[in-house]
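Chains as they are written, first to last, in my numbering: chain H, 1 to 442; chain S, 1 to 301. Even glycine gets a Cβ: it sits at the ideal position worked out from N, Cα and C. Bear in mind the structure is a predicted one, so any value in this text is a computation, not a measurement.
Laid out in structure tokens, this is it:
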């Protein structure tokens with residue numbers, strides 16, 4: 001019997017149509033739009049000016065505080081303007097517009113670096129490198145990695161979990177990366193083990209990626225400190241707390257972090273970025289993006305420069321098919337619908353999902369029939385119907401007492417609700433208000 | 001037979017007496033002194049419990065008025081100066097005098113002039129809409145049209161105009177309690193002074209984008225051209241972030257800015273129609289070109 005988390009969870013259709021497609025390199029865009037708020041925390045501070053010439057990998061925005069991250073230029077070129085552009089939030093945000101220098105060859109080098117497994121750096125230097133090179137969690141939440149790795153003295157840490165679950169339907173970015181860069185990921189794990197000074201790492205992979213499980217088992221045969229855990233297929237297993245529970249059986253306390261139970265969780269994409277940063281001095285300027293959708297001509301996985309407009313990605317897969325209703329940044333469960341195709345790819349874009357008319361409609365919201373489905377599937381053990389009612393009526397204090405803040409916004413409740421109630425919309429709204437009230441109190 | 005009647009009468013009478021004694025003792029024992037002035041003041045206050053004064057209701061505002069030494073910073077916007085004067089005579093304290101105000105909607109982005117570019121299927125409340133995306137149109141400053149302001153208005157002074165998709169404020173019913181101002185997630189509703197004939201001139205737009213972008217998303221957007229600022233004889237127009245704002249204190253309602261605004265984003269209300277002059281003919285010409293007229297300047301239902 002394979003492991004999984006015990007409470008709740010759902011089984012949406014997987015639709016991993018791009019699982020067999022090799023990751024292709026996107027053509028370098030003519031213009032990149034690099035937003036300065038790509039990560040959770042404080043937005044970065046722009047340190048370039050209009051008409052500045054920038055090199056590939058040069059820092060263009062400096063970390064704005066501890067929970068923040070550097071941003072590097074994805075291309076060599078000229079800063080044409082500092083503009084406001086609509087990002088995934090739907091609002092106009094500050095961003096740096098860089099025109100690619102077509103004569104500069106460094107833009108078009110398609111280098112596949114050879115594997116370098118010798119680790120020369122000291123733990124402190126590795127952590128510093130991760131912080132300097134703008135590495136953030138590439139699973140989708142974009143939490144700055146150096147903050148996660150900053151283990152205070154006296155905190156007991158014994159295990160590093162590698163998240164290769166990719167439980168979101170449609171997305172295959174992590175899956176492909178695991179297949180194509182397996183050796184590098186194993187080295188990346190070793191780098192983190194050195195940096196954190198621990199000797200246990202477990203890679204968690206869901207059983208729908210049997211090839212990846214097999215490959216990693218093969219590679220880690222002789223590594224005593226790296227294990228592979230095959231997991232049952234269940235959404236949202238990629239959530240940190242669910243993954244810790246599934247693999248180690250440890251319960252992360254509410255409002256706590258995995259570090260409270262001696263665990264740090266990192267996505268495979270992040271591990272690969274760390275590998276490149278440490279071994280090849282390569283800052284985070286590109287990532288794997290799955291561009292997918294049932295009606296697309298040629299859905300595929302791409303290496304995409306940060307800041308590439310989504311239009312380019314859509315053209316690359318054969319353009320928007322007729323009857324397209326919705327474009328989602330991320331997976332269908334936790335992704336966010338975007339306003340237009342000018343929105344750029346950011347560090348958190350794991351996929352672009354093109355949804356047709358039939359799949360996009362939401363269904364009319366009806367009354368709650370008290371079936372309890374939402375309570376049954378909630379992986380955090382909350383009562384979504386209650387939280388929604390409380391927020392709808394403005395009882396934020398009560399909602400806070402019902403642990404609204406522990407909701408991980410996985411959307412399982414909205415997915416199963418037979419009355420199509422907008423549970424997550426209200427819970428998210430309630431979380432927002434409760435957070436504001438809490439900060440006002442402090 | 002007569003006995004049972006007698007007994008029941010006696011029993012009831014004695015029960016009544018016992019209850020009366022208990023009630024008397026309790027009322028004496030647990031008596032709470034309340035300043036009789038509070039009841040008097042509460043009587044005068046409008047009794048709408050709208051919370052426009054900052055207190056949760058009229059009773060608590062009355063208590064506050066009676067118990068506070070200096071009440072010059074307290075004001076009942078619904079009752080206005082009249083009520084506050086009466087309160088002053090009862091309490092013998094100084095009260096502030098404020099010009100009456102009325103809520104105005106600073107957005108003219110009707111469905112016609114501000115086309116919808118996306119569609120949202122989630123719950124229709126402005127608060128959620130503003131939190132998760134920037135609205136169904138391309139303007140991220142304008143009215144979301146989900147009517148949170150109408151829901152909070154306790155005086156039925158607002159309704160949704162189905163054709164424009166914008167809320168309309170009925171000025172005669174508006175008590176300027178400020179509930180809608182607080183509720184609007186985009187600060188579109190503003191309290192502006194009202195004079196006897198309710199003449200007002202204000203900028204009906206909050207779009208801070210540069211001219212071209214603003215105009216693209218909405219035909220009646222303020223494009224930040226500063227023409228109004230230049231023509232204003234009283235320096236009442238301020239330009240901040242590509243957006244004009246007319247200071248109600250300095251404005252003398254000369255309406256020069258209304259005529260010059262190329263996008264008709266400055267709204268005038270309740271002015272009598274102008275006599276036909278050469279200038280007017282010119283203005284009509286411009287209007288024909290734009291084919292857009294200010295839509296939400298109705299003042300009665």
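{"query": "If you reduce the DSSP assignment to three classes, tell me which class residue 280(S) lands in.", "result": "Residue placement at residue 280(S) cannot be trusted, given a pLDDT of 47 that sits under 50; what the coordinates show is reported in the next sentence. It is helical."}
{"query": "So residue 34(H) and residue 78(H) are supposed to be a Cβ contact under 8 Å. How far apart are they, rounded?", "result": "The Cβ separation is near 13 Å, so there is no contact."}
{"query": "Within 8 Å (strictly less), CB to CB, does residue 217(S) reach chain H?", "result": "no"}
{"query": "Between 202(H), 196(H) and 63(H), which has its C-alpha nearest residue 136(H)'s C-alpha?", "result": "63(H)"}
{"query": "Give a yes or no on whether the C-beta atoms belonging to residue 180(H) and residue 352(H) are separated by under 8 Å.", "result": "no"}
{"query": "At a CB distance below 9 Å, what residues from the stretch 88 to 101 of chain H approach chain S? Give them in sequence order.", "result": "89, 90, 91 and 92"}
{"query": "Taking residue 221(S) and residue 232(S) to be in contact with their CB atoms under 8 Å, please state how far apart those CB atoms are, rounded to whole angstroms.", "result": "The Cβ separation is near 20 Å, so there is no contact."}
{"query": "Identify the contact partners of residue 432(H) in chain S, using a Cβ-Cβ distance below 8 Å as the criterion.", "result": "131"}
{"query": "By the criterion of Cβ-Cβ separation under 7 Å, what are the contact partners of residue 118(S) in chain H?", "result": "339"}
{"query": "So who's on the other strand from residue 302(H), going by DSSP bridges?", "result": "24(H) and 289(H)"}
{"query": "May I ask you to list, following chain order, the residues of the stretch 339 to 362 of chain H that have a beta carbon less than 9 Å from some beta carbon of chain C?", "result": "Given the protein chain composition of this structure (H and S), no chain C is represented."}
{"query": "Inspect the beta-carbon positions of residue 10(H) and residue 275(H) and report whether they are closer than 8 Å.", "result": "no"}
{"query": "Exposed or buried, what is residue 280(S) when buried is set at 16 or more other beta-carbons lying within 10 Å of its beta-carbon?", "result": "At residue 280(S) the pLDDT is 47, less than 50, meaning the model places this residue with poor confidence; the figure from the coordinates comes in the next sentence. Its Cβ having fewer than 16 others within 10 Å, residue 280(S) is exposed."}
{"query": "For residue 280(S), decide whether its Cβ has a neighbour in chain H, counting only Cβ atoms nearer than 8 Å.", "result": "Reliability fails at residue 280(S), whose pLDDT of 47 lies under 50, so the model's placement of it is uncertain and no value is given."}
{"query": "Any idea which residues DSSP pairs residue 227(H) with across the strands?", "result": "202(H)"}
{"query": "Consult DSSP for residue 434(H) and reduce its assignment to one of helix, strand or coil.", "result": "helix"}
{"query": "Helix, strand or coil for residue 232(H)? Go by DSSP, reduced to three states.", "result": "coil"}
{"query": "Distance, Cα to Cα, residue 164(S) vs residue 109(S)?", "result": "8 Å"}
{"query": "Using CA atoms only, rank isn't needed, just tell me which of 157(H), 96(H), 313(H) and 74(H) is closest to residue 107(H).", "result": "74(H)"}
{"query": "Relative to the alpha-carbon of residue 294(H), which residue among 332(H), 402(H), 412(H) and 410(H) has its alpha-carbon at the smallest distance?", "result": "332(H)"}
{"query": "Which parts of the stretch 251 to 296 of chain H are runs of the beta strand (DSSP E), unbroken and 3 residues or longer, counting only runs that do not cross its ends?", "result": "263 to 267 and 286 to 292"}
{"query": "Please report how far the alpha carbon of residue 198(H) lies from the alpha carbon of residue 122(H), in whole angstroms.", "result": "14 Å"}
{"query": "By Cβ distance below 6 Å, which residues in the same chain neighbour residue 216(H) in space, the five residues on each side in sequence not counted?", "result": "203 and 228"}
{"query": "Below 8 Å on the Cβ atoms is my guess for residue 417(H) versus residue 378(H); work out the distance and round it to an integer in Å.", "result": "Residue 417(H) to residue 378(H), Cβ: 12 Å. No contact."}
{"query": "On the DSSP bridge list, what partners appear for residue 268(S)?", "result": "201(S)"}
{"query": "Got a sec? Which residues, its chain only, sit under 6 Å from residue 72(S) by beta carbon, not counting five neighbours each side?", "result": "94 and 96"}
{"query": "Could you name the residues of the stretch 406 to 429 of chain H whose beta carbon sits closer than 8 Å to any beta carbon of chain S, in the order they occur along the chain?", "result": "422, 425, 426, 428 and 429"}
{"query": "Here's a check: name, in chain order, each residue in its chain whose Cβ is nearer than 6 Å to the Cβ of residue 174(S), leaving out the five neighbours to either side.", "result": "102, 103 and 157"}
{"query": "So what does DSSP say about residue 159(S), is it helix, strand or coil?", "result": "strand"}
{"query": "Using the Cα positions of residue 434(H) and residue 115(H), report the straight-line distance between them to the nearest angstrom.", "result": "48 Å"}
{"query": "The ligand ZN heavy atoms versus the CB of residue 357(H): any closer than 7 Å?", "result": "For the ligand ZN, the structure offers nothing, since it holds no ligand at all."}
{"query": "Could you compute how far the alpha carbon of residue 139(S) sits from the alpha carbon of residue 47(S)?", "result": "39 Å"}
{"query": "Relative to the C-alpha of residue 213(H), which residue among 240(H), 193(H), 245(H) and 177(H) is closest?", "result": "177(H)"}
{"query": "Pull up the distance between the alpha-carbon of residue 18(H) and that of residue 174(H), whole angstroms please.", "result": "11 Å"}
{"query": "Examine chain H for any beta-carbon lying closer than 8 Å to the beta-carbon of residue 140(S), and answer yes or no.", "result": "yes"}
{"query": "Among 171(H), 55(H), 51(H) and 132(H), which one has its Cα closest to the Cα of residue 15(H)?", "result": "171(H)"}
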